[in-house]
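Written out below as structure tokens is the structure these notes cover.
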Amino acid sequence: MRFFKDLSLSAFTAGFVAVLVGFTSSVAIVFQAAQAFGATPEMAASWMWALGIGMGLASALPSLWWRKPVMIAWSTPGAAVLAVAGAGYGMGEAVGAFIVCAVLIVLAGATGWFERVMNKIPMAIASALLAGVLARFGISAFTAAQTALPLVLLMLGTYLVGKRLLPRYAVPLTLLVAIAFTAARGELAWSSVHFSLTWPVFTVPVFTWQAIVSLALPLFVVTMASQNLPGVAAIRASGYSDLPVSKLITISGLATLVLAPFGAFALNLSAITAAMCMGREAHEDPARRYTAAVSCGAIYVVIGLFGAAVTGLLTAFPKELVAAIAGLALLGTIGGGLAAAVRDEAHREAALITFLVTLSGVTLAGIGSAFWGVVAGAVALAVQQVGRARSAQVPKEKAPAGKDIAASGNMPPETPYTAAAPGAGKNA
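Those letters in the sequence shown? Residues 1 to 428, per full-length UniProt numbering, in order.
Here it is in structure tokens:
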């Protein structure tokens, strides 16, 4: 009952927007990955069932238990890797690779090594990483104006007025106005919505060393580097540092392990959608933002049960609407991440390098820019610290007396000349 007392319209809307953005931005890649392994329509629908159930339960149940927002998503870069590398492998070999990847994720969480690595990353670097990941969505919100200028201007105006008059409901109000506007213009593709239950399809796993090397290991690496790493940054930048990261990694790995035979290829911590449910737009009170994550999880479960129907419903929205609402909903989090990144002058340059490399979207060796942003920032910070340490060890030559005072600016202030008062000659 406490959940229903804590729930608010802004929190539920944050959960819905998180699903809308997370789903529509990458569902096509998931279908491409399934088709790369020769999946039938029933198998592809089973993938959505497994992913929806896994993300929903792994987000909602821990959030209810800890009363803190926990956001689990599928691995979008992992799906991209599978879509490219899946040619030549059957569904059985794919499921075997999913299971191996899940076991590696569980080990990473159970041993705690991943959390120990994250503990060594300064908050400025983590904040810059999060800002770099999210800034691309902020940019997309305004580049959408190239193809839908009236819609984007209307959403921006509604958002600004809402922030001025009803700050808590600015995002829900913007979303409602945008949906009404696009519906009035006949731009919602309702024809793609067909309601029907989705049934899971079990696939017997087949383990081969070729699939493990070509599929499981790349899937594990990109999931940990490109998804879980910024996911932890989102958690800590939002002020939920007391969430047990190792347990969350383990939960995502176990959920993947159980649902892998049905098509759950890799579940991980979310960064982008987590920022939506962990920020002030979800609720002013951080203790009640968990309701946004629970709402998101509940919607994911519905997606799993009615995969084809909900997929059609969410993809019915114009892509410009999705891009604009995502960017506007993340403005506060992007600004907070940038402010935290540049606050400390000692870490500022390294944080800026992290932000720019992450924002660039560069991919090297199949690993996304989030990982390389942290690497670049860590190298820059290490070089700066080594330079400071060496300069501190060099003995300074003794300067002539009085030179240090002048150089340091510690000269006593001169007494201004004032006319002597009558009878004050003696004192002068």
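Glycine residues also receive a C-beta, built at the ideal position from the N, C-alpha and C atoms.
Item: Can you tell which of Pro41, Phe12, Leu9 and Gly54 has its C-alpha closest to the C-alpha of Ala264?; Value: Gly54
Item: What does the alpha-carbon distance come out to for the pair Ser75 and Leu219?; Value: 9 Å
Item: Exposed or buried, what is Ala407 when buried is set at 16 or more other beta-carbons lying within 10 Å of its beta-carbon?; Value: Model confidence at Ala407 stands at a pLDDT of 39, short of 50, so the residue's coordinates are unreliable; what they give is reported in the following sentence. The residue in question, Ala407, is exposed, as its Cβ has fewer than 16 Cβ neighbours within 10 Å.
Item: Among Ala274, Ile353 and Leu217, which has the Cα closest to the Cα of Ser295?; Value: Ala274
Item: Hey, would you say Asn268 sits closer than 9 Å to Thr223, going by beta carbons?; Value: yes
Item: Report, in whole angstroms, the separation of the C-beta atoms of Thr198 and Gly304, which I expect to be a contact under 8 Å.; Value: 7 Å
Item: For residue 482 and Pro318, what's the separation of their Cα atoms in angstroms?; Value: Only positions 1 to 428 of the chain appear in the structure, and residue 482 is not among them; the question remains open.
Item: Could you check whether the segment 82–95 touches the segment 233–250, counting it as contact only if at least three pairs of C-beta atoms, one from each stretch, sit closer than 8 Å?; Value: no
Item: Do Gly368 and Gly377 count as a contact pair if the criterion is CB distance below 9 Å?; Value: no
Item: Could you tell me the distance, in whole angstroms, from the CA atom of Thr111 to the CA atom of Met118?; Value: 14 Å
Item: Is it true that the segment 40–49 meets the segment 7–22, where meeting means three or more beta-carbon pairs spaced less than 8 Å apart?; Value: no
Item: Does the segment 125–132 come close enough to the segment 337–348 that 3 or more CB-CB pairs lie under 8 Å?; Value: yes
Item: Count the other CB atoms within 10 Å of the CB of Ala131; is the residue buried (16 or more) or exposed (fewer)?; Value: buried
Item: Counting only the same chain and skipping the five closest in sequence on each side, list residues whose C-beta sits under 8 Å from that of Ala346.; Value: Gln384
Item: Quick one: complete alpha helix (DSSP H) runs, 4+ long, within the segment 98–161?; Value: 113–119 and 123–143
Item: To test your reading of the DSSP string, which unbroken alpha helix (DSSP H) runs of 4 or more residues are found completely within the segment 324–392?; Value: 331–343 and 345–360
Item: Within the continuous beta strand (DSSP E) that includes Leu269, where are the two ends?; Value: Leu267 to Leu269
Item: If we require 4 or more residues per run, which alpha helix (DSSP H) segments fall completely within the segment 160–186?; Value: 170–184
Item: If we count the other Cβ atoms within 10 Å of its Cβ and call it buried at 16 or more, is residue 431 buried or exposed?; Value: Residue 431 lies beyond the residue range present for the chain, which begins at 1 and ends at 428; the question has no answer from this structure.
Item: Which of helix, strand or coil does DSSP assign to Gly425?; Value: Here Gly425 scores only 43 on pLDDT, less than 50, and its place in the model should not be relied on; the value that follows carries that caveat. Three-state DSSP puts Gly425 in coil, outside helix and strand.
Item: Distance, Cα to Cα, Phe371 vs Ala184?; Value: 43 Å
Item: Tell whether a beta-carbon distance below 9 Å holds between Val70 and Pro77.; Value: no
Item: Within the continuous beta strand (DSSP E) that includes Ile72, where are the two ends?; Value: Ile72 to Trp74
Item: Can you find the residues in the same chain that come closer than 6 Å, C-beta to C-beta, to Gly56, ignoring five residues on each side of it along the sequence?; Value: Gly297, Tyr300 and Val301
Item: Specify the secondary structure class of Ala80 as computed by DSSP and reduced to three states.; Value: helix
Item: Arg168 to Leu107, Cα distance in whole Å?; Value: 40 Å
Item: Roughly how many angstroms lie between the CA atoms of Leu149 and Pro205, to the nearest whole one?; Value: 49 Å
Item: Taking buried to mean at least 16 other C-beta atoms within 10 Å of its own C-beta, is Gly109 buried or exposed?; Value: buried
Item: For Gln210, count neighbouring C-beta atoms within 10 Å of its own C-beta (all shown protein chains included) and say buried if the count is 16 or more, exposed if not.; Value: exposed
Item: By Cβ distance below 7 Å, which residues in the same chain neighbour Lys68 in space, the five residues on each side in sequence not counted?; Value: Tyr240, Leu243 and Tyr290
Item: Just mark Met1 as buried or exposed, buried being the case when its beta carbon has 16 or more other beta carbons within 10 Å.; Value: exposed
Item: Using a Cβ-Cβ cutoff of less than 6 Å, which residues in the same chain neighbour Ala144 once the five nearest sequence positions on both sides are dropped?; Value: Val152, Glu320, Ala323 and Ala324
Item: How is Ala189 classed by DSSP in three states: helix, strand or coil?; Value: coil
Item: Among Asp6, Ala18 and Phe98, which one has its Cα closest to the Cα of Leu64?; Value: Asp6
Item: Comparing C-alpha positions only, which one of Leu176, Ile72 and Gln35 sits nearest to Ala79?; Value: Gln35
Item: Identify which residue in Ala44, Ala60, Thr358 and Leu331 has its Cα closest to the Cα of Ala171.; Value: In the sequence as presented, Ala is not what sits at residue 171; that position holds Val. Checking every option, the nearest Cα to that of Val171 belongs to Leu331.
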